[in-house]
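Report on the following structure.
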Amino acid sequence: MPDGRSARMDDAASRRMRPAASDFAAPLREAWYYALPSRGLRRLTMISRLMLGEPILIGRDERGSIFALRDLCPHRGMPLSAGNFDGREIECCYHGWRFDTRGQCVMIPSLVPGQRFAPGHIHTRLYPAREVQGNIWVFFGENMGAAPEIPVLDGFDNCAPDLVESVRFSAAIDHAVVGLMDPAHGPFVHRAWWWRSRRSIQQKAKAFSPSPFGFTMLRHAPSHNSRAYRLLGGAPETEIVFRLPSVRIEQIRAGRQRVANLTAITPIDDRVAEVSHCVYWTLPRLGLLKPALRRYVRAFLYQDRDIMERQQQGLRFDPPLTLIDDADTQAKWYYRLKREYLRACAEKRPFENPVEPRTLEWRS
Ligand code: FES
Ligand SMILES: [Fe+2]
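Per my numbering, the very first residue in the sequence shown carries number 17; after that it's consecutive.
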């Protein structure tokens with residue numbers, strides 16, 4: 017137990033770290049966010065998503081290219097995704113205005129010859145959208161050049177994820193991200209016979225260094241108290257990267273084999289975040305274990321979702337929160353990274369990573 021003095025110091029330090037201002041708690045803009053796996057969007061189809069509180073239509077045209085538009089008709093606000101799409105143009109279901117895949121209005125059926133209204137003045141917003149390693153990402157902001165890149169997993173160049181699970185958390189983005197990088201909740205939240213028990217708690221030391229728009233837990237052998245790694249055989253080593261706005265990449269190597277976990281959190285609105293977990297692997301035998309693996313990933317995500325839902329009951333009272341060294345240092349880094357990114361964008365200057373190389377120790 018900390019003595020009274022150090023507890024007070026921790027309190028004071030944590031108050032300084034506390035992301036109280038509502039503008040700071042808002043999701044970062046000038047960033048790519050995960051939308052859905054590529055296989056969820058067939059040619060000539062479109063879907064509607066809420067991302068960062070904005071209605072987004074994501075479609076795949078006749079040539080197979082994806083696009084993203086604001087999902088609102090500029091005429092009377094009808095969701096365009098409720099209309100028809102022929103692979104080239106979207107027809108609004110209300111009055112039939114037609115839009116191309118860049119969001120430009122190309123036809124207004126009610127116009128009669130001689131009426132001078134030009135559809136060319138009308139458009140709905142076009143969002144940059146990209147497909148990378150079997151996933152679709154959408155950019156929110158104005159300056160893609162200065163933003164963190166969409167993550168690319170080593171050794172999976174033209175691959176799609178072997179498994180994707182998405183779960184919605186009733187949590188604002190910061191709590192979802194801090195939960196994702198929290199090393200101390202494992203033995204309490206993710207207790208299960210196939211993963212670990214509460215008694216398996218042990219002291220750990222992990223070396224970290226800054227990496228682009230985030231930090232990296234350097235390559236190390238995973239804890240012996242994590243049973244699932246044993247499936248891989250060999251002597252697995254893992255490296256975990258966090259990158260703004262809300263991406264975690266775990267790359268595990270065991271001999272020539274690789275497994276990668278990409279976890280991306282997308283703010284749906286101010287109160288809900290969607291966590292998407294994509295697993296890539298090279299081991300053919302993991303394919304046989306896919307149904308079991310899916311159950312395992314789901315169970316893990318549901319445990320996080322349930323704990324966050326319970327946390328919301330407390331957060332309604334806006335209590336002061338505490339971030340301690342070293343178990344919460346990654347959370348402190350996240351808040352610092354986010355703050356620096358907001359400042360760098362506002363001041364139109366390059367981002368300066370505030371993370372210093374350091375070894376963190378905790379029991380988990
Ligand atoms: S609301 Fe879309 S055409 Fe009228
Ligand atoms: Fe968790």
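All C-beta atoms in this analysis are idealised placements derived from N, C-alpha and C, irrespective of residue type, glycine included.
What three-state label does DSSP hand Arg8 in the structure shown?
With the chain covering only 17 through 380, there is no way to say anything about residue 8.
Consider the C-beta atom of Asp320 and the heavy atoms of ligand 2; say whether any pair is separated by less than 6 angstroms.
Numbered from 1 along the sequence shown, position 304 holds the residue referred to as residue 320. True, at least one ligand heavy atom lies under 6 angstroms from that Cβ.
Check Val183 in the structure and name its three-state DSSP category.
For the purposes of this step, residue 183 is identified with residue 167 of the sequence shown, where counting begins at 1. It is a strand residue.
Does the Cβ-Cβ distance between Ala270 and Gly250 come in under 7 angstroms?
For the purposes of this step, residue 270 is taken as the residue at position 254 of the sequence shown. For the purposes of this step, residue 250 is taken as the residue at position 234 of the sequence shown. Going by C-beta atoms, Ala270 is nearer than 7 angstroms to Gly250.
With a floor of 3 residues, list each beta strand (DSSP E) that falls wholly inside the region 255-340, ordered by position along the chain.
As far as the region 255-340 is concerned, its whole beta strand (DSSP E) runs of at least 3 residues are 263-270, 273-283 and 289-297.
What separation, rounded to the nearest whole angstrom, lies between the Cα atoms of Cys294 and Pro125?
Here residue 294 corresponds to residue number 278 of the sequence shown, with the count starting at 1. Here residue 125 corresponds to residue number 109 of the sequence shown, with the count starting at 1. Roughly 44 angstroms separates the two Cα atoms.
Using the Cα positions of Phe333 and Gln327, report the straight-line distance between them to the nearest angstrom.
Here residue 333 corresponds to residue number 317 of the sequence shown, with the count starting at 1. Here residue 327 corresponds to residue number 311 of the sequence shown, with the count starting at 1. In a straight line, the C-alpha of Phe333 is about 11 angstroms away from that of Gln327.
Would you please state the rounded distance, in angstroms, between the beta carbons of Leu260 and Lys354? I believe it to be under 8 angstroms.
Taking the first residue of the sequence shown as position 1, residue 260 is located at position 244. Taking the first residue of the sequence shown as position 1, residue 354 is located at position 338. Right, their Cβ atoms sit about 7 angstroms apart.
Quick check on the burial criterion: 16 or more other C-beta atoms within 10 angstroms. Buried or exposed for Val128?
Locating residue 128 in the sequence shown gives position 112, where the first residue counts as 1. Flag for Val128 reads exposed.
Report buried or exposed for Asp341, applying the criterion of at least 16 other Cβ atoms within 10 angstroms of its Cβ.
Residue numbering aside, residue 341 sits at position 325 when the sequence shown is read from its first letter. Per the 10 Å Cβ criterion, exposed.
Who are Leu73's beta bridge partners in DSSP?
Position 57 of the sequence shown, counting from 1, holds the residue named residue 73. According to DSSP, Leu73 bridges with Ser64 and Leu85.
Could you please give the first and the last residue of the uninterrupted alpha helix (DSSP H) stretch that includes Tyr357?
Locating residue 357 in the sequence shown gives position 341, where the first residue counts as 1. Looking at the DSSP string, the run of the alpha helix (DSSP H) that includes Tyr357 is Thr345 to Glu363.
If we count Cβ pairs, one from each stretch, closer than 8 angstroms, do we get three or more for the region 186-197 versus the region 93-108?
No: fewer than three Cβ pairs fall under 8 angstroms.
Sort Pro370, Arg118, Asp322 and Gly161 by Cα distance to Asp77 and report the nearest one.
Position 61 of the sequence shown, counted from the first residue, corresponds to residue 77. The candidate whose alpha carbon is nearest that of Asp77 is Arg118.
By DSSP, does Ala51 sit in helix, in strand, or in coil?
Here residue 51 corresponds to residue number 35 of the sequence shown, with the count starting at 1. Reduced to three states, the DSSP call for Ala51 is strand.
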